[in-house]
Amino acid sequence: MKIPIQFKLSLKEKAFIGVVAILIPILITFVLIYSKNKVYLKNRVLDTLTVIAEAYEGQVYQFLEKAKIRAQDFASDGFIRTHLQKAIHSNTSTSNKLNKHLVKNKLSLDKTINTINILSLEGRVVASTNNAEMGRDLSKEVCFEEGKNAVTIVENRTGHMGLPEISISTPILTKETGRPVGVIVNYILISELNKLLVGEYVKELGAISWGKGKGAWKTLEVYLVNRDKLMITKSIFVKDAILKQIVDTLPVNLCLTSSEEMAGFY
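So the sequence shown is numbered by this note's numbering: it starts at 2 and just counts up by one.
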């Protein structure tokens, strides 16, 4: 015959068991809620950053599209079309007229443009807003080689002011036959893109709310990378990064190799 063994627990032990019994479900609930909230917060952060990135992307596209349209508009100018062929044949007076026309009637239309060049089909500068450019041979430059056929945007490490810039080039076509007779190139300092990414551009346009709400995002960095994985705009963390700092990260590689967008932690 078995005699049941009775365990006598002290009041302290009973209290301990009771506390453990209460804490275990609380702990389990906490872990579950924490895991759920962690996933939720990560997704919210990624969603917010995606919206911000898309907003900046839209502004950059708009800026570059405006620059391309401006170059094409200049290329269709009747005065430039009619005087270009005369200037090509070493007509100094015609070149001077073109130079004055570019300075007075074209350069003044867009404050982001610092220099305008008009090239012959051989790549020689026949008119410019900068007299020092006259006669230069740009036949080996990408802006000329590709600009002969279509509107092209290229970044340059050292521009006219010794600063990084982008060049927007497009062919100049005759009105009668539509054949190319030259190339027009607009040069814009990359600092104009920096102004766009830090908000100064919209401030200049009159945005009243510029700079508000930046305290919570003071470490947020937005920059552009070219096809060579080099930064073409400033970094708030790396000094003198333009066209020097390599960005060989997963998002950059996905964009360059397969044109895929990415939002995530890496």
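By construction, the Cβ of each residue, glycine as well, lies at the ideal position given by its N, Cα and C atoms.
Just to confirm the assignment, what range does the alpha helix (DSSP H) spanning residue i have?
i, result
"Gly19", "Leu12 to Ala76"
"Thr93", "Thr93 to His102"
"Lys240", "Premise fails: Lys240 is in no alpha helix (DSSP H) and is neither H nor E."
"Leu231", "Run containing Leu231: none; DSSP gives neither H nor E here."
"Thr83", "Gly79 to Ile89"
So, at 7 Å on beta carbons, what are the nonlocal neighbours of residue i in its own chain, with the 5 sequence-adjacent residues on each side left out?
i, result
"Glu193", "Thr113"
"Leu108", "Ile114, Ile117 and Thr130"
"Ile34", "none"
"Val239", "Gln246"
"Arg158", "Pro165 and Leu244"
"Gly124", "Asp138, Leu139, Ser140 and Phe145"
For my contact list, residue i and residue j are in at a C-beta cut-off of 8 Å; report their separation, rounded to the angstrom.
i, j, result
"Arg71", "Lys176", "Not really, about 19 Å apart at Cβ, beyond 8 Å."
"Asn227", "Glu156", "6 Å"
"Tyr41", "Val223", "Incorrect: roughly 25 Å between the Cβ atoms, too far for contact."
"Tyr188", "Gly160", "6 Å"
"Ile191", "Lys69", "The Cβ separation is near 16 Å, so there is no contact."
"Ser121", "Gly183", "6 Å"
Under 6 Å Cβ to Cβ from residue i, same chain only, skipping five residues before and after it: list those, please.
i, result
"Leu225", "Ile233 and Thr234"
"Glu261", "Leu255"
"Met267", "The identity of residue 267 in the sequence shown is Tyr, whereas the question assumes Met. These residues qualify, in order along the chain: Leu251."
"Ala237", "In the sequence on display, residue 237 carries Ile and not Ala. Once the five neighbours on either side are set aside, the close Cβ partners of Ile237 are Glu222."
Counting only the same chain and skipping the five closest in sequence on each side, list residues whose C-beta sits under 8 Å from that of residue i.
i, result
"Gln73", "Val152 and Thr171"
"Arg180", "Leu174"
"Ser96", "Ala88, Val127, Ala128 and Met135"
Hey, quick one: how far does the beta strand (DSSP E) through residue i stretch, first residue to last?
i, result
"Ser259", "Element bounds for Ser259: not the beta strand (DSSP E) but the alpha helix (DSSP H), Leu251 to Ser259."
"Ile169", "Glu166 to Leu174"
Curious, which full-length beta strand (DSSP E) runs of at least 3 residues does the region 121–160 contain?
126–129 and 153–157
Does the region 164–177 come within contact of the region 144–151, defined as at least 3 CB pairs closer than 8 Å?
yes
Can you give, in chain order, each stretch of the alpha helix (DSSP H) that sits fully within the region 188–212 and has at least 4 residues?
192–199 and 201–205
Should the region 95–103 be called in touch with the region 121–135, which here means at least 3 C-beta pairs below 8 Å?
yes
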